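Residue numbers (our numbering): 895 to 1036.
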Amino acid sequence: MANAELAAEADPATVESWARRVLDGERQDVVSLSVTFLPETEMHHLNASALGRDHATDVIAFRLTHVDRLAGDIYICPAVARRAAAAERVPAREELLRLVVHGVLHVLGHDHPEGEDRTRSPMWIRQEDYVARLAAGGDRDS
């Protein structure tokens, strides 16, 4: 599956709906978010320049605080997401959902440890709860 095809798994309205559902679940209503899909080379560059890590990654989120609202930028790399989905044997759409949720939670101030404890952290558990609910059909506006 090409990057464009993977990104097509979640059109802008769907990505917005996922983010909005997480914000609603976290009781956050005054938030400005952007979600950008980047090619692998650009994600590698962003990860190196912003975080000092010399590799592409699946998602990077930046929290920006303003006087009147919380804002954040989320960057997702479909190529890395595709490989992660294949490795975990999950649908590409589910992995994109996971990355959107992950990014939103980071923007809201949640964090997780690196290493083995990552998937046992409160943030990860919260993330997977959102993924399960939204993947089961909670990603559509009623």
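For glycine and all other residues, C-beta sits at the position ideal for the given N, C-alpha and C.
Quick caveat: nothing in here was measured; it's all calculated off a predicted structure.
Cβ neighbours of T930 within its own chain (closer than 8 angstroms, five residues either side excluded): D967, I968, Y969, I970. Counting along the chain, no alpha helix (DSSP H) covers A965; the unbroken beta strand (DSSP E) around it starts and ends at 964-970. Per DSSP, R914 is not a residue of any beta strand (DSSP E); the alpha helix (DSSP H) it occupies stretches across 906-919. Relative to the Cα of R977, the nearest Cα in the group V1001, V998, T959, D952 belongs to D952. Per DSSP, reduced to three states, the secondary structure at V998 is helical. Every beta strand (DSSP E) of 3 residues or more that sits fully in the stretch 917-944 is shown, in chain order, as 925-931.
When the Cα atoms are used, L927 and D1011 turn out to be separated by approximately 28 angstroms. Of all C-beta pairs linking the stretch 935-949 to the stretch 987-1002, fewer than three are shorter than 8 angstroms, placing the two stretches out of contact. Between Y1024 and V1001, the C-beta spacing is not below 9 angstroms. When the beta-carbon positions are compared, V916 and V998 come within less than 9 angstroms of each other.
Counting other Cβ atoms within 10 Å of its Cβ, H1006 reaches 16 or more and is therefore classed as buried. R1012 sits in a helix when the DSSP states are folded into three classes.
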